[in-house]
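There are 2 protein chains.
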Amino acid sequence: MVKSKNTEEKILDSAREIFMMKGFEGARMQEIADHAGINKALLHYYFRSKEKLFASIFNKILSQIGPAMLTFINEEIPLEVKIWKFVDSYLELMKKFPRMPLFIINEISINPERIIGHLNFSDFLDLRKLEKILHDEHGKGRIIAVDVKHFIVNIIGLTVFPLAAKIIIQRNLQIQNDEWHQFIEERKKVIPETIMGWLKNMD
Amino acid sequence: MVKSKNTEEKILDSAREIFMMKGFEGARMQEIADHAGINKALLHYYFRSKEKLFASIFNKILSQIGPAMLTFINEEIPLEVKIWKFVDSYLELMKKFPRMPLFIINEISINPERIIGHLNFSDFLDLRKLEKILHDEHGKGRIIAVDVKHFIVNIIGLTVFPLAAKIIIQRNLQIQNDEWHQFIEERKKVIPETIMGWLKNMD
DNA sequence: ATTTGATTTAACTAAACGGTCAAAATTAGA
DNA sequence: TCTAATTTTGACCGTTTAGTTAAATCAAAT
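Protein sequences, first through last, are from chains E and L. All letters in the first sequence, in the order written, are residues 1 to 203 by the numbering used here. All letters in the second sequence, in the order written, are residues 1001 to 1203 by the numbering used here.
Written as structure tokens, this is what we have:
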């Protein structure tokens, strides 16, 4: 006999929702149970502790991020298109779960021990390969020489920051809720332009 | 008769330390008291509640950020230098409190109501003025036409993200603790280069 | 229909937490 | 030195929290 798939899924969905909204410390098992429409005891019946429940949803989330951005690097397409594909797939993924980036960064920063082993994007982001691509492009005189670390931090920073700091940006740049989607769409153009402008800035 | 300045300062320092490390929900009044070397009752004697103590350090922190980055915009210096000055002053300020950016973004995102009124960088960042600068530079044919919103998000994203995601970046790009300082120094060059490359990318 | 195992519930526990209180200690002015 | 206000403390309180337990319900197989 299998534990009702429905109940387990309802729990995981609710846990993700509440944990993302309040963080590990701020989340309450009672609130997760309420949100799932079940008893608190049943919550502990499925996932023995808050820590284990958190680990379940956290692993699930992390395992979804990688593959969603994996594809672009191996395809035989121009560098600019690779960047666009990365930004596009990342921003599309985050439309469903806007709080995900900030949630992940924060929980890892506050409690790195809990995470060890889970998060290495080396699984889906081959540093050496990327380094080779940049090196080759530079060899062909197409781009300036850049450090792959700054290349990655630049792209991810430009992409992730506006999502993580959404509320602050909305408040200060006065972007209404209905304009936010448009702003994110614009970034799909702006980010590749920014990176390529940098790479091609050959004075 | 004045409340011992020493004790109040010790409390505020400890509170900032603990709150930044664990967040509002994760922080414990007992831990803050221990860190300050005082009794928990004394903590409540100085700051009546956890909320009020948190508000005190949060306001203090926010009021320090603005002015530290204020100066650059009004000076009669080239745009690139303005950007460099902003990045430099921001990164220097964050050397003392590396967890500050993530802390601020997270607490505001989780509980925006608590913050209302505190955070508007419109006090020190005049959007219209910046817009005029970009417009004039474009008029002189020096840069492409860009949206000031993306200009700001780009600069802040490139600057703040590596600080906020420090642990994740260190793990994945294999930057040791003693190399981190060097990496941040490098970003003072990379960020202005990235932005200016973008702005001057006139095909 | 009865049995067996999985699922769900209400009621409970122990510990941790923010906060209070009254008394003790300290400080500063008269 | 004495007094009065401020500062500091240990002991305490009520609530909230994650987690447990034992009984009840349900579903499927015999």
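Beta carbons are placed, not taken as given, at the ideal position from N, Cα and C, and that holds for glycine.
Check	Outcome
Chain E contacts from the region 1154-1167 of chain L (Cβ-Cβ distance under 9 Å)	Asn1154, Ile1156, Gly1157, Leu1158, Thr1159, Val1160, Phe1161, Pro1162, Ala1164, Ala1165, Lys1166 and Ile1167
is_contact[L/Lys1200, chain E] using C-beta, thresh 8 Å	yes
The region 51-65 of chain E: positions lying closer than 7 Å to chain L by Cβ	none
Cβ-Cβ distance between E/Ile32 and E/Ser14 below 8 Å	yes
Beta-carbon proximity of E/Ile110 to L/Gly1139, cut-off 8 Å	no
Spatial distance of L/Lys1060 from L/Glu1179 (CA atoms)	31 Å
Among E/Ile191, E/Arg16 and E/Ile65, the one whose alpha carbon lies nearest that of E/Leu53	E/Arg16
Spatial neighbours of L/Lys1003 in its chain, beta-carbon cut-off 6 Å, leaving aside the 5 residues before and after	Because L/Lys1003 carries a pLDDT of 42, less than 50, the predicted location of this residue cannot be relied on, and no value is offered for it.
7 Å CB neighbourhood of L/Arg1128 in its chain, flanking five on each side removed	none
Chain L residues whose Cβ lies nearer than 7 Å to that of E/Leu42	Simply none; closest approach about 25 Å.
Contact set for E/Arg99: own chain, Cβ-Cβ below 6 Å, skip 5 residues either direction	Met20
Supposed close pair L/Asn1154, E/Glu193 - CB separation, criterion 8 Å	Wrong, their Cβ atoms sit about 10 Å apart, outside the cutoff.
Beta-carbon neighbours of E/Lys22, restricted to chain L and to distances below 8 Å	Glu1025 and Ile1110
Range covered by the alpha helix (DSSP H) that runs through L/Phe1047	That residue, L/Phe1047, is in no alpha helix (DSSP H); it is neither H nor E in DSSP.
Chain-order list of residues whose beta-carbon lies under 7 Å from that of L/Gly1197 (same chain, five-residue window excluded)	none
Where the alpha helix (DSSP H) through E/Asp88 begins and ends	Leu79 to Lys96
Residue closest to L/Val1190, alpha-carbon to alpha-carbon, out of E/Gly157, E/His181 and E/Met29	E/Gly157
Exposure of E/Asn39, with buried meaning 16 or more beta-carbon neighbours within 10 Å	exposed
Nearest candidate by alpha-carbon position, reference L/Phe1058, set L/Ile1083, L/Asp1136 and L/Arg1114	L/Arg1114
E/Lys166 burial status per 10 Å Cβ neighbour count (16 or more: buried)	buried
Interface partners of L/Glu1193 on chain E, CB under 8 Å	Trp198 and Asn201
8 Å Cβ cutoff, L/Glu1113 in contact with chain E	no
Extent of the continuous alpha helix (DSSP H) to which L/Asp1177 belongs	The sequence shown places Asn at residue 1177 of chain L, rather than the Asp named in the question. Element bounds for L/Asn1177: Asn1177 to Leu1199.
Chain E contacts made by the region 1170-1190 of chain L, where a contact means CB separation under 8 Å	Arg1171, Asn1172, Leu1173, Ile1175, Phe1183, Glu1186, Arg1187 and Val1190
Counted within 10 angstroms of its Cβ, other Cβ atoms place L/Ile1077 as buried (16 or more) or exposed	exposed
Burial state of E/Pro101, where buried means 16 or more other Cβ atoms lie within 10 Å	buried
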